[in-house]
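Visitor:
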Amino acid sequence: MNKEAERKSKFIYWASGIVSICGIIFEVLFGALGSYILGDGVKQYTLTISLFLTGMGVGASLSERVLKNLIVAFVLVEFAVAFLGGFSSLTMFAITAFTSAGTDALYLYFITFVIGALTGIELPILIRKANEIGVELNKSTARVLFSDYAGGLIGGLLFVFLLRPQMGMVQSAFVVGCINLVVALVIVWLFRHEIKHVKRLVTIGALIGISLVWGVLFGEEQAVSFEKKLYKDPIIHLEDTAYQRIVLTKEQGDTRLYLNGALQFSSSDEYRYHEPLIHIPMGQAEDRKKVLILGGGDGIAVREVLKHEEVESITLVELDPRMTELANENFHLLQLNKGSLKNEKVNIVHQDAFEFMENNDEWYDIIISDLPDPNNESLNKLYTKEFYSLLRNHLNPAGAMMVQSTSPVFATSVYWTISNTITATGLYTENVHVDIPSFGNWGFVLASRKPIQIESININVPTEFLTSDMIPSLTYFGKDEDEVIKKNGSTLPLPPNTLIDPHLIQKYEEAWKNY
């Protein structure tokens with residue numbers, strides 16, 4: 001093999017690694033898009049990975065039909081991946097904003113399969129070209145596959161630790177598309193003497209390049225304009241963190257926080273949520289010195305706890321550091337939380353709540369579970385018997401615990417499953433619900449290691465909504481909110497949600513699909 005052939009073969013191995021990096025990034029990107037827009041992360045990642053791999057298999061089979069002009073075929077495939085992959089995220093946001101429900105899912109699954117198929121065509125062509133240059137088949141196959149697999153690891157790490165947190169899903173897609181395009185153009189240059197229509201390919205590549213550069217520079221801004229249509233009010237802050245997409249909106253004094261598209265609070269009525277969440281368990285507990293809050297990174301729950309002067313320490317466990325940073329620096333959030341997270345009584349821990357409870361040996365008078373709804377596997381574990389058992393084991397004998405438990409109206413079986421799961425740990429429970437205009441009817445579960453006397457709870461701090469006299473009335477539920485779930489004339493049991501049997505996710509998805 002001469003030096004020129006050796007140089008070309010080496011770049012083929014590099015090209016296989018680079019396109020593999022791009023392929024795995026697109027694969028996990030589509031999973032992230034599905035998780036954010038469609039919900040149920042486990043389901044979306046499972047479907048996108050399966051479709052992508054199936055597409056690769058189909059693509060590998062189709063590559064047999066490429067009998068000549070291997071380099072031109074590879075370049076055209078890269079052009080297609082660059083353009084379709086680059087615009088994939090932006091197109092997904094546009095479809096979600098302008099079309100009916102379900103169209104975005106069909107598009108996501110379609111583009112996942114297509115990009116997978118194109119990726120599947122790439123590697124067999126590179127192997128055959130390396131063999132054509134003069135590399136022995138066993139060596140060309142082994143080297144290209146090594147580059148492919150190694151590239152897959154690099155791609156996954158790049159997406160998790162660099163692209164998604166630094167660039168977001170839209171800009172990341174355009175950047176990766178640019179990389180595919182550069183590989184194609186370098187291949188055109190190296191093999192220019194084998195290509196009849198070099199200028200035509202370069203022109204096509206240049207046009208794709210211009211569109212991708214536009215996407216890198218302005219795609220995120222365009223996506224935000226699409227995303228605004230998904231929210232009722234104008235967006236005033238938007239960012240992707242390592243854990244979630246944070247969106248703040250504001251209209252006529254009403255500030256709203258959304259995490260991964262799900263509303264967390266509206267400033268117009270958040271007190272109707274946070275006052276029962278905090279002051280009912282504070283009234284139930286005999287002591288109120290040590291408080292643990294799981295979630296609540298916006299600082300509003302801490303604001304309510306600080307109304308109780310006897311509180312000596314508050315531990316706030318929030319997974320996402322950017323959420324608490326935003327709560328400490330964003331003007332609109334500071335207006336709501338009154339700078340609560342800066343209080344000397346507050347200790348912030350950035351850790352998964354389950355891990356924190358497993359590795360913690362502290363006891364608390366009050367435990368507040370203010371966590372997002374259980375719409376995926378990572379959140380489901382925070383609604384299991386195992387997790388609530390950990391909370392019980394860190395609750396003082398005369399203490400109290402309050403768990404936000406979604407809506408008993410919109411998700412009746414979900415609410416009562418959470419309640420039954422807490423009861424299964426041996427704790428005494430009381431069910432509470434309130435009307436919140438921005439949420440609808442919302443439920444909580446009060447728990448304690450001793451019997452609960454709901455009539456004895458007194459509110460002795462300033463509130464806008466909650467009074468001592470009205471607390472007992474919050475424990476009454478209508479027939480459509482009742483614990484008994486009926487189907488075909490018979491009652492259905494609602495067993496506890498566990499790590500081994502995480503059936504709460506399916507209940508949640510079924511309950512909310514029409515809302």
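Residues in the sequence shown are numbered from 1 upward in steps of one, following full-length UniProt numbering.
Glycine is no exception: its CB is placed at the ideal position from the N, C-alpha and C atoms.
The structure displayed is predicted, hence computed values, not measured ones.
#1: Which same chain residues end up closer than 6 Å to residue 172 when comparing Cβ atoms and leaving out the 5 residues on each side of it in sequence?
#2: Classify residue 466 as helix, strand or coil using the three-state DSSP reduction.
#3: State the Cα-Cα distance for the pair residue 26 and residue 176, rounded to the nearest angstrom.
#4: Do residue 390 and residue 449 come within 8 Å of each other at the CB atom, strictly closer than that value?
#5: Taking the alpha carbon of residue 358 as the point to measure from, which residue in 341, 374, 382, 338 has its own alpha carbon closest?
#6: How is residue 480 classed by DSSP in three states: helix, strand or coil?
#7: Alpha carbons only, please: which of 174, 412, 369, 204 is nearest the one belonging to residue 185?
#8: From the beta carbon of residue 400, is the nearest beta carbon of chain C less than 8 Å away?
#9: Is residue 228 near residue 236, with beta carbons less than 8 Å apart?
#10: Could you check if residue 282 is buried or exposed, using at least 16 other CB atoms within 10 Å of its CB as the buried criterion?
#11: Taking residue 404 as part of the beta strand (DSSP E), name the residues at either end of that continuous run.
#12: Which whole-angstrom value describes the C-beta separation of residue 302 and residue 340, a residue pair presumed to lie in contact below a C-beta threshold of 8 Å?
#13: Excluding the five sequence neighbours on either side, which residues of its own chain have a C-beta within less than 7 Å of the C-beta of residue 549, listed in chain order?
#14: Based on the DSSP output, what are the partners of residue 262 in its beta bridges?
#15: Pick from 287, 63, 112: whose alpha carbon is nearest that of residue 518?
#16: In three-state DSSP terms, what is residue 138?
#17: Beta carbon of residue 75, beta carbon of residue 201: below 8 Å?
#18: Count the other C-beta atoms from every protein chain shown that fall within 10 angstroms of the C-beta of residue 63, then say buried if there are 16 or more, exposed otherwise.
#19: Assuming residue 516 contacts residue 471 under a Cβ cut-off of 8 Å, what Cβ separation, rounded to an integer in Å, is found between them?
#20: Identify, in the order they occur along the chain, each residue of the same chain with its Cβ nearer than 7 Å to the Cβ of residue 257, setting aside the five sequence neighbours on each side.
#21: Helix, strand or coil for residue 303? Go by DSSP, reduced to three states.
#22: Going by C-alpha distance, which of 262, 14, 77, 220 is nearest residue 246?
#23: By DSSP's criteria, residue 10 is part of a beta bridge. Which residues make up the other side?
#24: Would residue 188 be called buried (16 or more neighbouring beta carbons within 10 Å of its own) or exposed?
#25: Among 417, 190, 47, whose alpha-carbon lies nearest the alpha-carbon of residue 10?
#26: Taking residue 335 as the reference, which of 42, 270, 77, 30 has the closest Cα?
#27: Is it the case that the region 439-449 contacts the region 403-418, given that we only count it when at least three CB pairs across the two stretches are under 8 Å?
#28: Can you name the start and end residues of the beta strand (DSSP E) that residue 430 belongs to?
#29: Name the two residues that bound the continuous beta strand (DSSP E) containing residue 443.
#30: Alpha carbon to alpha carbon, how far is residue 178 from residue 215? Give it in angstroms, no decimals.
#31: When DSSP labels each residue in this structure, what does residue 104 get in the three-state scheme?
#32: What residue range does the beta strand (DSSP E) around residue 63 cover?
#33: So, with DSSP's three-state summary, where would you put residue 297?
#34: Would residue 309 and residue 42 qualify as a contact pair, given that the criterion is a beta-carbon distance under 8 Å?
#35: Is the number of C-beta pairs between the region 86-101 and the region 210-225 that are closer than 8 Å three or more?
#36: Tell me, which residues are paired with residue 109 by DSSP?
Guide: Inspection of the coordinates gives the following:
#1: 163
#2: coil
#3: Note on geometry: alpha-carbon atoms of residue 26 and residue 176 lie some 8 Å from one another.
#4: no
#5: In terms of CA proximity to residue 358, 382 leads the group 341, 374, 382, 338.
#6: helix
#7: 204
#8: Note that chain C does not occur in the displayed structure, where there is just one protein chain.
#9: no
#10: buried
#11: 395-404
#12: 4 Å
#13: As displayed, the chain neither begins before 1 nor continues past 515, which places residue 549 out of reach and without an answer.
#14: 259
#15: Lying outside 1 to 515, the shown extent of the chain, residue 518 is not represented and no answer is given.
#16: A caution first: residue 138 carries a pLDDT of 49, below 50, which makes its placement in the model unreliable, though a value can still be read off. Helix, per DSSP.
#17: yes
#18: Buried is the call here.
#19: Since the first and last residues shown for the chain are 1 and 515, residue 516 lies out of range.
#20: 248, 264, 265, 298
#21: helix
#22: 262
#23: Residue 10 has no beta-bridge partner at all, per DSSP.
#24: buried
#25: It is 190 whose Cα lies nearest to the Cα of residue 10.
#26: 270
#27: yes
#28: Per DSSP, residue 430 belongs to the beta strand (DSSP E) from 428-436.
#29: 440-448
#30: Between residue 215 and residue 178, the alpha-carbon positions lie close to 10 Å from each other.
#31: helix
#32: Taken as a continuous stretch (DSSP letters only), residue 63 belongs to no beta strand (DSSP E), as it is neither H nor E.
#33: Note: residue 297 maps to coil in three-state DSSP.
#34: No.
#35: yes
#36: Per DSSP, none; premise fails for residue 109.
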